[in-house]
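See structure below.
In the working numbering, the protein residues as written are 1 to 154.
Next up, the structure:
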């Protein structure tokens, strides 16, 4: 505890101050607002996708393309379909899944003692369709960093 937090008094709870909530589908979700260092670490993790995951997705996405054609080019480490890279698509898929996982981990669990760092994308995907995942990302992002429009009327 530094002198500034001491000046705010004994009852000041910085952890409670970092919790905000939003309503979605008649449920109240709580989100823990990350500190700058936590946010920076998350952004750093999201800069580059996990190569093993990208490779797994690439193999799944390219397995039906075994022969070149007018629209399909096969290179040493990629398959290009009508000018679009399968490897790039696999990388984007890995980044999206990592982003969804990182953002969902910011939710505060109702179950006491549950460790959100154990949540995997597979768990999220089993529970929420992709469209709902995208809505949750938007709501979590808006809760963490409210836009000017949402705060100007308050």
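Every residue, glycine too, gets a C-beta built ideally from N, C-alpha and C. All of these numbers come straight from a predicted model, not from anything done at the bench.
Asked: Cβ pair residue 217, residue 137 closer than 8 Å; Found: Residue coverage of the chain in this structure runs from 1 to 154, which leaves residue 217 outside it and unanswerable.
Asked: Nearest residue (CA-CA) to residue 142, options 103, 88, 83; Found: 103
Asked: The segment 73 to 88 in contact with the segment 56 to 65 per 3-pair CB rule at 8 Å; Found: yes
Asked: Alpha-carbon to alpha-carbon, residue 12 and residue 5; Found: 7 Å
Asked: Among 42, 145, 110, the one whose alpha carbon lies nearest that of residue 30; Found: 110
Asked: As assigned by DSSP and simplified to three states, the class of residue 93; Found: helix
Asked: Reference residue 92; option with closest CA among 26, 46, 42; Found: 46
Asked: Residues bridged to residue 85 (per DSSP); Found: 80
Asked: Where the alpha helix (DSSP H) containing residue 19 begins and where it ends; Found: Counting along the chain, residue 19 falls outside any alpha helix (DSSP H), though it belongs to the beta strand (DSSP E) covering 19 to 24.
Asked: For residue 118, three-class secondary structure by DSSP; Found: helix
Asked: Cβ neighbours of residue 133 in the same chain (closer than 6 Å, five flanking residues each side left out); Found: 100
Asked: Limits of the unbroken alpha helix (DSSP H) element including residue 56; Found: 51 to 62
Asked: Whole-Å CB distance - residue 32 paired with residue 106, under 8 Å assumed; Found: 6 Å
Asked: Residues sharing a beta bridge with residue 135, DSSP; Found: In DSSP, residue 135 forms no bridge with anything.
Asked: Straight-line gap, residue 119 to residue 70 (C-alpha atoms, nearest Å); Found: 43 Å
Asked: Buried/exposed call for residue 201, threshold 16 Cβ in 10 Å; Found: Outside the displayed range of the chain (1 to 154) lies residue 201, so it cannot be described from this structure.
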